[in-house]
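Chemist: Residue numbers (our numbering): 1 to 155.
Handing you a structure now.
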């Protein structure tokens, strides 16, 4: 996809084990998330048993612009068909992190799941963030909802 000037630029570095994999890509013109691929050795797939979790390498490092984060999210098809999801979803990559992007997957399915080099297992959404200044207060302003918590607004 061609770069459009209104889109933020993100520097991306490939690590040696990335080798010939594809960079993150948007599968459709309006996709929010870019698919991430696993950078496992070619001849060393991982078998993820039901209930197990694994931290997977991507072979990528990024430098986000200040004011942005990268969110690592599940791919809906893997979640629906196999029960495979990102455990700390969404995982947050801060703008000042320069290490390798890794994906924490868990198998919530009933069957073992094989993960091989180049498999698209998660998606990355780049989103703006806002930091706030905290102000200690004895009382909070009233609202219509008040302190109503879980389930208080109905089904």
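Even for Gly, the Cβ is constructed at its ideal location relative to N, Cα and C.
Go to residue 36, then tell me how far its beta strand (DSSP E) extends in each direction, as first and last residue.
Modeler: Residue 36 -> beta strand (DSSP E) spans 34 to 37.
Chemist: With a CB to CB cut of under 7 Å and the five nearest residues on each side skipped, what residues in its chain are close to residue 24?
Modeler: Result list for residue 24: 34, 35, 36 and 124, in chain order.
Chemist: Between residue 86 and residue 72, how many whole angstroms is the CB-CB distance? I'm expecting something under 8 Å.
Modeler: Rounded, the Cβ-Cβ distance is 6 Å, consistent with contact.
Chemist: Looking at the structure shown, is residue 25 part of a helix, part of a strand, or coil, going by DSSP?
Modeler: If DSSP states are grouped into helix, strand and coil, residue 25 belongs with the strands.
Chemist: Just to confirm the assignment, what range does the alpha helix (DSSP H) spanning residue 82 have?
Modeler: Residues 76 to 82.
Chemist: Span of the beta strand (DSSP E) holding residue 237?
Modeler: Any property of residue 237 remains undetermined from this structure, which presents the chain solely from 1 to 155.
Chemist: In angstroms with no decimal places, state the Cα-to-Cα distance between residue 143 and residue 82.
Modeler: Those two C-alpha atoms are separated by around 42 Å.
Chemist: Among residues of its own chain, excluding the 5 on either side of residue 128, which ones have a beta-carbon nearer than 7 Å to its beta-carbon?
Modeler: Correct list, in chain order: 67 and 68.
Chemist: Please determine, among 84, 75 and 116, the residue with the shortest C-alpha to C-alpha distance to residue 31.
Modeler: Cα-wise, what sits closest to residue 31 is 75.
Chemist: Going by Cα to Cα distance, which pick from 7, 58 and 139 is closest to residue 20?
Modeler: It is 58.
Chemist: Residue range of the beta strand (DSSP E) that residue 157 falls in?
Modeler: Residue 157 falls outside the range modelled here, since the chain spans only 1 to 155, and no answer is possible.
Chemist: Name the DSSP beta bridge partners of residue 156, please?
Modeler: Because residue 156 is not part of the residues shown, which for the chain are 1 to 155, the question remains open.
Chemist: Have a look at 155, 17, 102 and 153 and flag the residue whose alpha-carbon is nearest the alpha-carbon of residue 88.
Modeler: Among 155, 17, 102 and 153, the Cα nearest to that of residue 88 belongs to 102.
Chemist: Within the chosen definition, does the stretch 36 to 48 reach the stretch 108 to 126 through at least 3 CB pairs nearer than 8 Å?
Modeler: Yes, since at least three Cβ pairs between the stretch 36 to 48 and the stretch 108 to 126 fall closer than 8 Å, the two stretches touch.
Chemist: Roughly how many angstroms lie between the CA atoms of residue 107 and residue 141, to the nearest whole one?
Modeler: Roughly 43 Å between the two C-alpha positions.
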